[in-house]
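A.B. asks: If you read the sequence shown in the working numbering, its first letter stands for residue -9, the second for the next number, and so on. Glycine included, each C-beta is placed from N, C-alpha and C at the ideal position. Take a look at this one; I'll ask things after.
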Amino acid sequence: MQLVCNADRLGGVIASTRDGEWLLENGPNSYASFGADEEQFLDDLGLRERALRRSIRQTDRFIFHSGRLHRVPTGPLSFLTGSILPPAARLRILRGVFGRYQPPVHDVAIGAFFRQVLGDVAVDTLLKPALAGIYAADADRIGLEGAFPKLARALAENNRLIPALKSMRGPSPAGAKRTPRSLTTFSEGLEELPRALEQALRGAGVALHTGAQPRLQPGTERRWRVEWQDGAAEADHVVLAVPPPAAGDLLAPVCPEARQPLAAIEGAPLTVAHVGIRAEDMPGDWNGFGFLVRRGEPVRMLGAIWSSSIFAGRAPRGHHLLTCFYGGDIDPEVTEWPDSRLEQQVQADLAATMGWQGETFALLRFRHWRPALPLFRVGHAGRVRSVESTLPEGLHLAGNWLGGISIPDCIRRGWDVADRIDAALPRET
Ligand SMILES: Cc1cc2nc3c(=O)[nH]c(=O)nc-3n(C[C@H](O)[C@H](O)[C@H](O)COP(=O)(O)OP(=O)(O)OC[C@H]3O[C@@H](n4cnc5c(N)ncnc54)[C@H](O)[C@@H]3O)c2cc1C
-9 MQLVCNADRL GGVIASTRDG EWLLENGPNS YASFGADEEQ FLDDLGLRER
41 ALRRSIRQTD RFIFHSGRLH RVPTGPLSFL TGSILPPAAR LRILRGVFGR
91 YQPPVHDVAI GAFFRQVLGD VAVDTLLKPA LAGIYAADAD RIGLEGAFPK
141 LARALAENNR LIPALKSMRG PSPAGAKRTP RSLTTFSEGL EELPRALEQA
191 LRGAGVALHT GAQPRLQPGT ERRWRVEWQD GAAEADHVVL AVPPPAAGDL
241 LAPVCPEARQ PLAAIEGAPL TVAHVGIRAE DMPGDWNGFG FLVRRGEPVR
291 MLGAIWSSSI FAGRAPRGHH LLTCFYGGDI DPEVTEWPDS RLEQQVQADL
341 AATMGWQGET FALLRFRHWR PALPLFRVGH AGRVRSVEST LPEGLHLAGN
391 WLGGISIPDC IRRGWDVADR IDAALPRET
């Protein structure tokens, strides 16, 4: 087996940087637990002992709107008593949660669907900031089916929210308690995961070629031929685990009809700002996951993760480390700014949201991703299905644009593709 990657390291956007006592996550900061298979996966990679976990329930999240941070409710009581939404909006949500909705027949914009069910204030205050934080996208422009395939199915098969959400969790074995969901990273950052995978692949005899520019062509005897600068290989199965435009370019010689629809899947640019802050410059109890910003506030930041509050060992003693996000589909222009202008914006935003009152930051690093994440425009899932239906036998697609954007989603997609290939391989009799 061969793995050919165009970058000089594996891992894609999973990229951790050690900078003295700071540990910076340029891409994902952690992933949400994904069930029993996860433990086996970590064991196989020798990572279980290195995992750092934090309960999601015990990690408060906030939304910045109307000039201050509001705690996001975690249950019915905090929803009824919290300050995040005005009473009329809360009543509107209750009506939506307990009433019936019109199940979506086609893919719809997430914003449009939930405006109908929960009302405008809930969408603008809760959903839009959350989608900007997770997908770097505008909830009114991305489709339910592409971004949340499981939720889209559950909503289409029900006409009330609570049964729809319950159906997504599946039945739990009689008497079994559900394990509380947690966030996971590793002592030296999330990049330990692709590094461990790389080691496991090498151990299994897989040849890795980095810094390569692969090309795909028909091979001999109905096989596929992959060529790169200093090598070539033929195989019965080839998996393209690359962003959509790159998949389109690779497929062009063997499946030209896939090129245009894949090239049309846009990506959102994102700038990550790592901000180190002396504790005395920002008094307060900053214990929690972080915050998102409602659009329309005089703050440009999409949101910030309180990285050093979630996991130990991310910042020197007496300091906070924040990971702040700018840009996305909502505000792409800001990702083109020079760093000096961005620095002033970060200072203004953290003064407005968290009361930062220092002269300078203890650390400031930027990482620009252009693009960072695929945009699931309305109709995305249908377009992907039609591309998949044109794929010749033996060619497979994987990656975050095909069934969920999170790391667990990408891992599951990888496992599904591996199972499909395994099922197609000839069995020894
Ligand atoms: C800033 C940021 C924060 C995030 N935060 C979280 C989080 O906290 N939790 C979470 O679960 N998810 C998070 N995500 C999402 C998640 O990290 C990504 O969706 C996922 O890691 C993407 O994996 P991928 O393999 O699909 O794509 P990528 O990571 O983009 O990898 C694509 C790979 O393809 C290679 N490639 C590209 N073109 C070619 C070519 N022509 N030939 C060969 N190789 C090629 C690239 O070099 C790269 O290695 C975040 C993403 C970003 C950008």
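Tell me Gly133's beta-bridge partners as DSSP assigns them.
C.D. replies: According to DSSP, Gly133 bridges with Ala99.
A.B. asks: Answer yes or no: the CB of Leu282 versus the heavy atoms of ligand 1, is any distance below 7 Å?
C.D. replies: The answer is no for Leu282.
A.B. asks: Is it right to say Asn19 is buried, meaning 16 or more other beta carbons lie within 10 angstroms of its own, or is it exposed?
C.D. replies: Buried: at least 16 other Cβ atoms inside 10 Å.
A.B. asks: Quick one: is the Cβ of Leu260 within less than 7 Å of any heavy atom of ligand 1?
C.D. replies: Yes; taking the cut-off as 7 Å, the Cβ of Leu260 has a heavy atom of ligand 1 nearer than that.
A.B. asks: Taking C-beta to C-beta, are Asn420 and Ala5 nearer than 8 Å?
C.D. replies: This structure gives no information on residue 420, because the portion of the chain shown stretches from -9 to 419.
A.B. asks: Identify the continuous alpha helix (DSSP H) that holds Trp405 and give its terminal residues.
C.D. replies: Note, Trp405: alpha helix (DSSP H), Ile397 to Ala414.
A.B. asks: Would you give the residue range spanned by the beta strand (DSSP E) that Thr200 belongs to?
C.D. replies: Thr200 -> no beta strand (DSSP E), and no H or E assigned at all.
A.B. asks: What first and last residue would you give for the beta strand (DSSP E) that runs through Ala223?
C.D. replies: First-last of the beta strand (DSSP E) with Ala223: Gly221 to Ala225.
A.B. asks: Give me the residue from Trp296, Leu282 and Ser297 with the minimum Cα distance to Arg290.
C.D. replies: Arg290 has its Cα closest to that of Leu282, out of Trp296, Leu282 and Ser297.
A.B. asks: Indicate whether the contact test is met: 3 or more Cβ pairs, each with one atom in the segment 73 to 87 and one in the segment 235 to 247, closer than 8 Å.
C.D. replies: Contact fails: fewer than three Cβ-Cβ distances are below 8 Å.
A.B. asks: Could you tell me the boundaries of the beta strand (DSSP E) in which Gln48 lies?
C.D. replies: No beta strand (DSSP E) holds Gln48; DSSP gives it neither H nor E.
A.B. asks: Tell me, please, which residues DSSP counts as bridged to Cys314.
C.D. replies: DSSP output for Cys314 lists Ala263 and Ala294 as bridge partner(s).
A.B. asks: Using the three-state DSSP reduction, which class does Phe301 fall into: helix, strand or coil?
C.D. replies: Phe301: coil per DSSP, three-state reduction.
A.B. asks: Is Asp9 helix, strand or coil when you go by DSSP?
C.D. replies: In this structure, Asp9 counts as strand in the three-state DSSP scheme.
A.B. asks: Can you name the start and end residues of the beta strand (DSSP E) that Val(-6) belongs to?
C.D. replies: Unbroken beta strand (DSSP E) run through Val(-6): Gln(-8) to Val(-6).
A.B. asks: Quick one: what's His309 bridged to in DSSP?
C.D. replies: Per DSSP, Arg268.
A.B. asks: When DSSP builds the beta bridges, which residues end up paired with Thr174?
C.D. replies: Beta-bridge pairing links Thr174 to Tyr21 and Arg43.
A.B. asks: Measure from the C-beta of Ala236 to each C-beta in chain D and report whether the shortest distance is under 8 Å.
C.D. replies: Of the protein chains in this structure there is only one, and it is not chain D.
A.B. asks: Straight-line CA distance for Leu415 to Ala254?
C.D. replies: Each residue's Cα considered, the two are about 33 Å apart.
A.B. asks: Measure the alpha-carbon distance for Gly201 versus Asn390 and round it to whole angstroms.
C.D. replies: Going by the C-alpha atoms only, they are around 21 Å apart.
A.B. asks: Are the beta-carbon atoms of Ala352 and Glu11 separated by less than 8 Å?
C.D. replies: Contact flag unset, no.
A.B. asks: According to DSSP, simplified to helix, strand and coil, what is Pro364?
C.D. replies: Three-state result, Pro364: strand.
A.B. asks: Tell me the rounded alpha-carbon separation between Leu14 and Pro139.
C.D. replies: Computed Cα separation, rounded: 31 Å.
A.B. asks: Express the C-alpha separation of His310 and Leu134 in angstroms, rounding to a whole number.
C.D. replies: Their Cα atoms are separated by approximately 36 Å.
A.B. asks: Compute every distance between the C-beta of Tyr316 and the non-hydrogen atoms of ligand 1, then say whether any falls below 7 Å.
C.D. replies: Checking the Cβ of Tyr316 against ligand 1 gives no.
A.B. asks: Decide if the segment 119 to 127 is in contact with the segment 146 to 159; the criterion is three or more beta carbon pairs, one per stretch, under 8 Å apart.
C.D. replies: No, the segment 119 to 127 does not touch the segment 146 to 159.
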